[in-house]
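Under numbering that gives the first Met the number 0, the sequence shown has 178 at position 179, and the numbering climbs by one with no breaks. Every residue gets a Cβ at the ideal spot worked out from N, C-alpha and C, and that includes glycine.
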Amino acid sequence: MQLSSQPKGLFHLIAIQMWEFFSYYGMRSLLILFLTQKLLMSDDHAFALYGAYTSLVYVTPILGGYLADRYLGNYWSVIIGGLLMVAGHAVLSIPSHDNTVLYAALALIICGYGFFKTNSSCLLGELYKDHEDARESGFSISYIGGNVGSALAPIFCGYAASRWGWNVGFALAGIGMLIGLIIFSTGRKHFAHVQKANLPALRQKTAGFSHWQLIILGVIVCAIGLVFVLQNLLAGYILAIILAFSALQMIRLYRKSSIEDRKKLNAIIYFMLFGMVFWAFDQQGGSSISLFIERNIDTDIFGFHIPTAFFQSVNPVAVIVGGGAVAWLWKVLASRQISVRTLTKLNMGLFLLTAGFSLITLSSKLAMVSGHTTFLWLFLGLFLIGIAELFIDPVALSAITRMNPQGATGTVAGIYMLMGGSVANYLAANIAELTSTGTQATTTVDLIASATQYHHVFQSIFIVTVVVLVLGILVNLKNRNEPEYD
């Protein structure tokens, strides 16, 4: 991986991506704890709001990508997105018991995420128009940088929140995003060749307003609308509309496809459902598992208390450590001309997820005895789940781009991300709600009853993953003579 062969703007772009991961995952590691401990929400309400937030951040990039393509360009979209996220974290760091402040902060972050997420990746791609040989290594560096940010965030933000208060933890997440913006802005000259803002289109008027004024107005209206959606927990209705539209798109593609392309679409639909189930269980880490750790896990070691947020660093650390090992494995197999089918790789990921939840189930079972148990089994379970991720999205997205059904790779990849992002996070919140003991936020939690409830849910997840794994193996065996699409 020769850094000297990389385009000069790479450092500045990787910096803002790393700090964006730091910002997002730093805040997310605190959110469910903040809702239940500071704002005294019931578990049910906290999980529902958490799920609404984590699902909506995967919806707004659809609009952000459209605005970038038509008006703003990727560079300025990244700047605008970063500024909105800094503003959101700044509002979140204001000490307040008023939930409206919380909703406004989350709405700003969701809007910012929409401008930032996909456009930062597109901007990275634009850097490599004249550096095609270095493209793959550049995206690998970006992937590593993002995981470094998400690994460090829960540690620093979690410590700040436990030491100086919630507002300091949230402020630190926002400061991280601001640092990324500053570094990114200093490298502006390196992005002179990328897609610029479409100034003529921005200056055009509709109904007496220029398009740039309408974009500003649209962001304000979107933020206000998101406050209403979050306040009334209406994210499910938005997802239902988007899913209906996505289903129509898939039906349209299917109808005009050849028999060969229909086989590809059938495989992609399977990948979508597989990814949705996987991520719905994987995303328990930020919700139900966080509260399980807070209530039922002994996190003291050698006299030092480990803040609950720290455990959300286990997943990205596993991805960083396991990423090298998995890449080496694929390289060795390829050198020996051993081809591993896509379905086999997905099943390997699900096997690791199943193994991870078996250990988390064991941890909750042990906690049922006295209300507390060691963090060892849970730690190992989270680590296995982190490694499992390496066998899911990278594998599925690679297969989708390779198949390229009807030349609609962007559409089906976007729908895949919608299923594994928005829908999975919404389902994850509903699953997490099953761990609620039904007590009010101000009621002292019965630790043994709490551990029992967590155990029932984690055990159910484990059983479902076993069933899905068996089905996945059967599907793989049934299709073992079918060709892999190139």
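For I219, the enclosing alpha helix (DSSP H) covers residues 210 to 230. Judged by DSSP in its simplified three-state form, D392 adopts helix. Each residue's CA atom was taken as its position, placing G168 and Y158 some 8 Å apart. Separation of I267 and I182 (C-alpha to C-alpha, rounded to the nearest whole angstrom) is 39 Å. Restricting attention to S459, I108, V193, L264, the CA atom closest to the CA of T400 is found in L264. Looking at the DSSP output, D297 sits in a beta bridge with T373.
If you keep only unbroken alpha helix (DSSP H) runs of at least 4 residues inside the stretch 290 to 343, you get 313 to 334.
In the DSSP assignment, H44 falls within the alpha helix (DSSP H) that extends over 42 to 55. Counting C-beta pairs with one atom in each stretch, the stretch 302 to 320 and the stretch 452 to 464 have fewer than three that are closer than 8 Å, which means they do not touch. Between S28 and G285, the gap from beta carbon to beta carbon is short of 9 Å. For T360, the secondary structure class from DSSP, reduced to helix, strand or coil, is helix.
Leaving aside the five residues that flank L71 on each side, the residues in its chain whose CB is nearer than 6 Å to its CB run, in chain order, A196. C-alpha of K330 to C-alpha of G137: approximately 18 Å in a straight line.
In this structure, V77 sits away from F20, with a CB-CB distance that is not shorter than 9 Å. Here V325 has L389 as same chain residues with Cβ atoms under 6 Å from its own Cβ, once five neighbours each way along the sequence are excluded. Non-local C-beta neighbours of G145 in its own chain, meaning closer than 7 Å and more than five positions away in sequence, comprise Q16, M17, F20, ordered along the chain. Residue environment: G322 is assigned as buried (16 or more neighbouring CB atoms within 10 Å of its CB, all protein chains considered). Here DSSP, grouped into helix, strand and coil, assigns T400 to helix. Under the 8 Å Cβ criterion, the stretch 369 to 382 does not count as touching the stretch 235 to 246, having fewer than three qualifying pairs.
Of F33, G8, G413, the smallest CA-CA separation from L242 is found for G413. Straight through space, the alpha carbons of G179 and I223 are spaced by roughly 27 Å. Considered as a whole, the stretch 167 to 212 harbours 198 to 202 as its complete alpha helix (DSSP H) runs of no fewer than 4 residues, in chain order. In the same chain as V467, and ignoring 5 residues on each side of it, the C-beta atoms closer than 7 Å to its own belong to V276, L349, in chain order. Contiguous alpha helix (DSSP H) elements confined to the stretch 88 to 154 occur at 98 to 126, taking only those with 4 or more residues.
Membership of E432 in the alpha helix (DSSP H) is indicated by the continuous run 423 to 432. In the structure shown, the three-state DSSP call for N480 is coil. DSSP places F244 inside the alpha helix (DSSP H), whose first and last residues are 234 to 254. Q248 and V411 have their alpha carbons spaced roughly 9 Å apart.
If you check the CB distance, Q230 and T35 do not come in under 9 Å.
Shown here, S435 sits in coil according to DSSP, grouped into three states, outside any helix or strand. Sorting L426, M416, V339, Q283 by C-alpha distance to the C-alpha of F356 places Q283 at the top. Around the Cβ of K204, a 10 Å sphere holds fewer than 16 other Cβ atoms; the residue is exposed. Straight across, the Cα-Cα distance linking I108 with Y49 is about 13 Å. In this structure, L101 lies near L38, with their beta-carbon atoms less than 9 Å apart. Scanning F190, T436, V56 for the CA closest to the CA of K7 turns up F190.
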